[in-house]
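Protein chains in written order, with our numbering: chain D, 1 to 261; chain F, 262 to 522.
2 protein chains.
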Amino acid sequence: MSMPELGISVLMSQFRCNEVIPSKQHFLWLSTVGPMENLKIDRERRTTTDQVFEDLRDDILSLALLPGAKMSEAEVAARFGISRQPVRDAFNRLGHLGLLKIRPQRATVVRGFSIEKIAEARFIRLALELEVMKQACNVWDQKCSDSAMRNLEEQKAAIDAETLDRFHTLDFQFHLLICELGGCHHAIDTIMSCRQKTDRLCVLSFNRDKEVDSVIEEHHQLIAALNERDEAKATDIIRTHLGRLDSVVAEIQSKHAEYFE
Amino acid sequence: MSMPELGISVLMSQFRCNEVIPSKQHFLWLSTVGPMENLKIDRERRTTTDQVFEDLRDDILSLALLPGAKMSEAEVAARFGISRQPVRDAFNRLGHLGLLKIRPQRATVVRGFSIEKIAEARFIRLALELEVMKQACNVWDQKCSDSAMRNLEEQKAAIDAETLDRFHTLDFQFHLLICELGGCHHAIDTIMSCRQKTDRLCVLSFNRDKEVDSVIEEHHQLIAALNERDEAKATDIIRTHLGRLDSVVAEIQSKHAEYFE
DNA sequence: GCTGTTATACTAACATACCAGTTTAACCAA
DNA sequence: TTGGTTAAACTGGTATGTTAGTATAACAGC
Chain D
1 MSMPELGISV LMSQFRCNEV IPSKQHFLWL STVGPMENLK IDRERRTTTD
51 QVFEDLRDDI LSLALLPGAK MSEAEVAARF GISRQPVRDA FNRLGHLGLL
101 KIRPQRATVV RGFSIEKIAE ARFIRLALEL EVMKQACNVW DQKCSDSAMR
151 NLEEQKAAID AETLDRFHTL DFQFHLLICE LGGCHHAIDT IMSCRQKTDR
201 LCVLSFNRDK EVDSVIEEHH QLIAALNERD EAKATDIIRT HLGRLDSVVA
251 EIQSKHAEYF E
Chain F
262 MSMPELGISV LMSQFRCNEV IPSKQHFLWL STVGPMENLK IDRERRTTTD
312 QVFEDLRDDI LSLALLPGAK MSEAEVAARF GISRQPVRDA FNRLGHLGLL
362 KIRPQRATVV RGFSIEKIAE ARFIRLALEL EVMKQACNVW DQKCSDSAMR
412 NLEEQKAAID AETLDRFHTL DFQFHLLICE LGGCHHAIDT IMSCRQKTDR
462 LCVLSFNRDK EVDSVIEEHH QLIAALNERD EAKATDIIRT HLGRLDSVVA
512 EIQSKHAEYF E
């Protein structure tokens with residue numbers, strides 16, 4: 001899987017207080033609503049709750065708020081200069097996303113990583129992407145290949161320019177692009193949701209830049225397999241590709257055990 | 262709005278006060294918490310919000326509250342004899358589950374079926390169950406077979422006794438059982454969530470009892486395939502099996518177009 | 001110093017009041 | 001009858017007060 005966005009994320013928390021907020025730019029792909037959250041698009045009006053929710057979510061996903069951090073409705077409300085009510089609503093949303101641990105009459109805290117949840121997200125994403133490959137093999141043509149290739153070239157350019165966050169965005173988009181090209185737009189929301197759950201953790205990984213070359217190579221092989229419409233090969237590559245997550249998880253778990261629960 | 266929020270739902274509210282609650286019985290399998298809702302198990306205390314949420318969810322999933330029915334925070338609060346606050350929280354949860362359509366300054370309504378959402382749930386469930394079959398083939402043994410067979414026998418008994426709801430519960434458990442036996446407990450929550458989204462619709466189907474024999478037969482074939490550890494055969498059966506949903510959806514869509522959005 | 005108790009300072013859940021939009025229907029004019 | 005205007009009846013979002021339960025620190029007894 002993917003690589004990380006660290007470094008940058010630490011820088012962001014400083015920017016957040018200014019008016020220029022690069023974090024929103026860099027993490028635009030993270031900020032995109034997930035599968036259960038995209039329901040709020042009905043709400044054409046942007047409420048105070050929405051704003052608080054998004055701000056806090058970005059802080060948590062970027063690790064500006066670390067697992068275990070205490071969050072008080074009153075304190076956050078005061079910080080935002082609003083009443084407790086919208087904060088309470090935002091807390092509830094974050095709680096349902098698994099980002100906050102809310103218990104009555106007890107301090108609300110940022111949830112740590114859960115091995116269980118990570119394994120679940122990995123399994124679901126794997127299952128989905130495997131099926132996507134099958135579907136894609138049925139409809140893949142030169143046009144699809146060109147489109148994917150264009151993204152891949154950008155990935156290489158991003159690596160050469162050492163803009164790792166840009167690469168991460170492109171990697172994210174690459175997988176979604178194949179969904180789209182394969183006619184599996186149904187899978188997109190859920191895959192995004194799965195990545196949100198695991199990518200927060202990758203921020204802490206240090207040796208991610210050592211693996212990007214392999215990632216690029218696998219992306220290349222994937223396109224080749226799709227061009228040949230070789231389903232077996234494509235699914236094999238996906239299994240290997242997503243298997244990379246395991247070592248990252250193991251690394252973080254041993255290095256930052258305090259962030260797990 | 263379209264449909265009455267009265268009728269059956271009013272009848273049910275009478276039952277709710279009694280000790281025998283048939284609706285809860287019939288839809289017990291539906292009531293089981295979904296993947297995003299099971300997070301609330303942290304809350305060891307059962308809050309008023311929880312109660313309202315579960316009651317309304319059951320009403321919606323059992324179609325006691327039909328798509329399009331208007332729901333007012335104030336009205337529900339008065340009916341439950343509580344303040345608007347817990348109702349509001351419950352509404353928000355239901356909104357995030359895609360069961361309610363909440364818009365500021367506008368009446369909240371029960372969401373109708375969405376072809377998009379149904380297709381999405383179908384795709385995700387298919388992808389997951391396919392991967393489950395692969396995993397299960399690797400670990401399947403006589404003990405697993407016996408366990409699954411026991412459930413299958415109960416299914417047959419339920420059919421003979423003409424207790425269709427009992428059969429439905431067992432069918433639900435059958436698929437989850439294979440997840441568990443195959444070591445894919447990670448998939449359970451999401452599969453349950455997917456079924457919740459589609460099974461509300463199946464309540465309206467009239468000819469499901471005509472298909473149960475085929476369903477039983479496929480379940481039988483599935484166990485046979487797993488016993489032979491024949492991955493290709495197992496996945497083929499799953500594709501056919503889940504494909505049944507399509508005709509049901511088509512039937513309901515033509516017969517109850519007013520429930521779709 | 002250590003332990004059990006108690007008082008105090010928290011917490012989120014819940015209740016109530018108000019506000020700003022939306023919907024609806026009554027109404028008047030053409 | 002029809003089309004446009006307006007006012008009243010709603011809606012959910014927000015603010016604030018109250019309550020019950022929890023954690024913590026001060027403290028009394030040993």
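Note that CB positions come from ideal geometry on N, CA and C, so glycine has one too.
All figures in this text were calculated on a predicted structure; none of them were measured in a lab.
Distance from the CA of Asn353(F) to the CA of Ile363(F), rounded to the nearest whole angstrom, comes to 8 Å.
Taken atom to atom, the span from the alpha-carbon of Arg456(F) to that of Leu506(F) is near 11 Å.
The beta carbon of Arg349(F) is closer than 8 Å to those of Glu334 in its chain, skipping five residues each way along the sequence. By the criterion of a C-beta distance shorter than 6 Å, Lys395(F) is surrounded in its chain by Glu492, once the five residues flanking it on both sides are discounted. For Val87(D), the uninterrupted alpha helix (DSSP H) run begins and ends at Arg84 to His96, by DSSP. DSSP places Val203(D) outside both helix and strand once states are collapsed to three, so it counts as coil. With fewer than 16 other CB atoms across the displayed protein chains lying within 10 angstroms of its CB, Pro104(D) is exposed. Contact check between the region 440 to 457 of chain F and the region 116 to 129 of chain D: three or more CB pairs, one atom from each, fall below 8 Å, which counts as touching. Between Leu322(F) and Arg461(F), the CB-CB gap stays under 7 Å. Shown here for Gln482(F): same chain residues with a beta carbon closer than 6 Å to its own, the five before and five after excluded, namely Ile498 in chain order. Leaving aside the five residues that flank Cys137(D) on each side, the residues in its chain whose CB is nearer than 7 Å to its CB run, in chain order, Leu226, Arg229, Glu231 and Ala234.
Contact of Phe384(F) with chain D is assigned, a C-beta pair being separated by under 7 Å. In the assembly as shown, Glu129(D) is a buried residue. Its beta-carbon has 16 or more other beta-carbons within 10 Å. Bounds of the beta strand (DSSP E) holding Thr108(D) are Thr108 to Val110. If you draw a 10 Å sphere on the C-beta of Gly443(F), you find 16 or more other C-beta atoms in it, and that means buried.
Against chain F, a Cβ distance below 9 Å from Asp89(D) picks out Arg349, Asp350 and Asn353. Per DSSP, the beta bridge partners of Met71(D) are Thr108(D).
Arg150(D) counts as exposed, since fewer than 16 other C-beta atoms from the protein chains shown sit within 10 angstroms of its C-beta. If you look at Ile363(F), you'll find it isn't in any alpha helix (DSSP H); DSSP assigns it neither H nor E. Looking at the DSSP output, Phe113(D) sits in a beta bridge with Phe260(D).
Annotation: the continuous alpha helix (DSSP H) that includes Cys440(F) extends over Leu425 to Leu442. Under the Cβ criterion of 7 Å, His357(F) is counted among the residues facing chain D. Interface residue (Cβ-Cβ distance to chain D less than 7 Å): His481(F) is not classified as such.
The CB of Cys445(F) comes closer than 8 Å to the CB of Phe123 in chain D, given here in chain order.
In terms of beta-carbon proximity, Glu392(F) lines the interface with chain D, with at least one pair separated by less than 7 Å. Ala136(D) does not reach chain F, its nearest Cβ partner there being about 13 Å away, counting only Cβ pairs nearer than 7 Å.
If the five residues before and after Pro328(F) are omitted, its C-beta is found closer than 6 Å to the C-beta atoms of Val371, Gly373 and Tyr520, all from its own chain and listed in chain order. Take the alpha-carbon of Glu218(D) and the one of Lys417(F): they are about 48 Å apart.
Beta-carbon to beta-carbon, Leu99(D) and Phe53(D) are separated by about 10 Å, too far to satisfy the 8 Å threshold. Taking the Cβ atoms as the reference, Ala409(F) lies roughly 7 Å from Ile439(F), within the contact range of under 8 Å.
Taking every protein chain shown into account, the CB of Ser205(D) has 16 or more other CB atoms within 10 angstroms, so this residue is buried.
DSSP places Leu324(F) outside both helix and strand once states are collapsed to three, so it counts as coil.
Contact between Ile252(D) and Thr198(D) is absent: CB atoms are separated by about 10 Å, not below the 8 Å threshold. Rounded to whole angstroms, the separation of the alpha carbons of Glu116(D) and Glu414(F) is 33 Å.
Annotation: Glu334(F) has no Cβ neighbours in chain D at a cutoff of 8 Å; minimum Cβ distance is about 13 Å. Nearest to Thr240(D) by C-alpha distance, out of Ala107(D), Lys255(D) and Glu211(D), is Glu211(D).
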